[in-house]
Structures are given as C-alpha cells and as structure tokens.
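Written below as structure tokens is the structure these notes are about.
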C-alpha cells in the first residue's frame, strides 16, 4: 500500500466520525422536538386553569392567626367495666390545653449552658 492509501483511509475514518456525530445530534434534536410536542398535547387535554375570580381568597373575617398556648399531655381514658376502648371513645389529640397559661421565662443570669462561662445563678 502506498502512503496515499493510508492518508485516504485516515481521512475517511475522520469523515465517518463527523457524520456519526451529526447523525447523533439530529437524533437527539428530533427526540427533544417529539418530547415538546407530546407535552403540548398532554397539556391541551388538561382542565383549564382557574380564572382570577375562581382563585382562593381570604375569608370576610380576615386572615387566620396562630394561637399560642401552653399544652400538657392528655391522659389515656380508663375503660369502664374492663372492656377495651373503641376508637370513638379516645380523644382527638395527645395533648390538651394546660390549666396554667403563664409562659415561664428565663431569668437573666439564672442559667446557661454547661461551661458557657456565664456567672450562673447569682
């Protein structure tokens, strides 16, 4: 084989690489276009979006605010007559509103983390 044959073989391999990359790019572009068209068809079949007057709005009384309260554990009720309790006989929550609603606050200088370097209880 002559040198010209090797040069032609080398360039034809490079041409195949370029053609392969171009065909791969066309395949990926076609797949993306198909996916967008499929998404548009699916979106067209969905229910229409709500109009501005159908959107949720605040109640007439205004926004609902959070309530701060002290909670305490709610004890399990005892069964009457030794029979098991049924679900409708149990309470709705594991806690109930505490009798003492006064929030206990930290006093300055009365506590701190261990080794925090504070004065401690003075």
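In UniProt numbering, the protein residues as written are 1 to 122.
Cβ atoms here follow ideal geometry from the backbone N, Cα and C, with glycine treated the same way.
Per DSSP, the unbroken beta strand (DSSP E) holding residue 72 starts and ends at 71-73. As DSSP reads the structure, residue 96 sits in a beta bridge with 72.
For residue 46, the secondary structure class from DSSP, reduced to helix, strand or coil, is coil. Between the alpha carbons of residue 51 and residue 92 lies a distance of about 38 Å. If you ignore the 5 residues before and after residue 74, its C-beta comes within less than 8 Å of the C-beta of 91, 93, 94, 95 and 96, all in its own chain and listed in chain order. Linking residue 42 to residue 36 through their CA atoms gives a straight-line distance of about 10 Å.
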